[in-house]
Amino acid sequence: DLPEIEKGIFELAEKARTSRISLDELKGGTFTITNGGVFGSLFSTPLINPPQSAILGMHTIQDRPVAKDGQVVIRPMMYLALSYDHRLIDGRDSVGFLKTIKTYIENPEGLFDFSKI
């Protein structure tokens, strides 16, 4: 349930920002999302935090020239970088995951099931 996940992330982030997070609350993760973009990072390769299986790095959104319908146009672009343990995750699956993330970033309304509203 996306709203519950969002609430949990917000609560843990607030505890981390205010130095009230416990060691137990930092343990047990399997995947990290890091946002170097807030610090101006254009691109980097994130390192996995053992024993986690993967880490997704998100970077600065910046206007860049891209080809669109045979024309060069300016579009907001952001690099994503996924580092993962190949013993656990196949490269094909990781590309599918990145394509799914791209789809949701470009069309965030796809995250919600509006039929329940």
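The sequence shown stops at residue 211 when you use the working numbering, and every number in between is there.
All C-beta atoms in this analysis are idealised placements derived from N, C-alpha and C, irrespective of residue type, glycine included.
Can you pull the DSSP bridge partners for residue i?
| i | result |
| --- | --- |
| residue 178 | 148 |
| residue 97 | For residue 97, which the question treats as bridged, DSSP gives no partner whatsoever. |
| residue 162 | 165 |
Could you have a look at residue i and say whether DSSP puts it in helix, strand or coil?
| i | result |
| --- | --- |
| residue 125 | strand |
Just curious, the alpha helix (DSSP H) that residue i is in, first and last residue?
| i | result |
| --- | --- |
| residue 189 | 185 to 200 |
| residue 118 | 117 to 120 |
Under the assumption that residue i contacts residue j (Cβ atoms under 8 Å), give the Cβ distance between them as a whole number of angstroms.
| i | j | result |
| --- | --- | --- |
| residue 192 | residue 174 | 6 Å |
| residue 171 | residue 181 | Not a contact, Cβ separation roughly 32 Å. |
| residue 219 | residue 140 | An answer regarding residue 219 cannot be provided, because it is not within the stretch 95 to 211 covered by the chain. |
| residue 106 | residue 99 | Between residue 99 and residue 106 the Cβ distance is about 11 Å, and since that is not below 8 Å, they are no contact. |
| residue 125 | residue 110 | In fact, because the Cβ distance is near 17 Å, the residues do not count as touching under 8 Å. |
Please report the residue range of the beta strand (DSSP E) in which residue i lies.
| i | result |
| --- | --- |
| residue 171 | 165 to 171 |
Who are the Cβ neighbours of residue i in its own chain at under 7 Å, not counting the five residues just before and after it?
| i | result |
| --- | --- |
| residue 188 | 176 and 178 |
| residue 135 | 153 and 154 |
Which residues in the same chain as residue i place their Cβ atom closer than 8 Å to its Cβ, once the five residues preceding and following it in sequence are excluded?
| i | result |
| --- | --- |
| residue 122 | none |
| residue 162 | 169 |
Spatial neighbours of residue i within its chain, please: CB distance less than 6 Å, with the 5 preceding and 5 following residues excluded, ordered by chain position.
| i | result |
| --- | --- |
| residue 155 | 170 and 172 |
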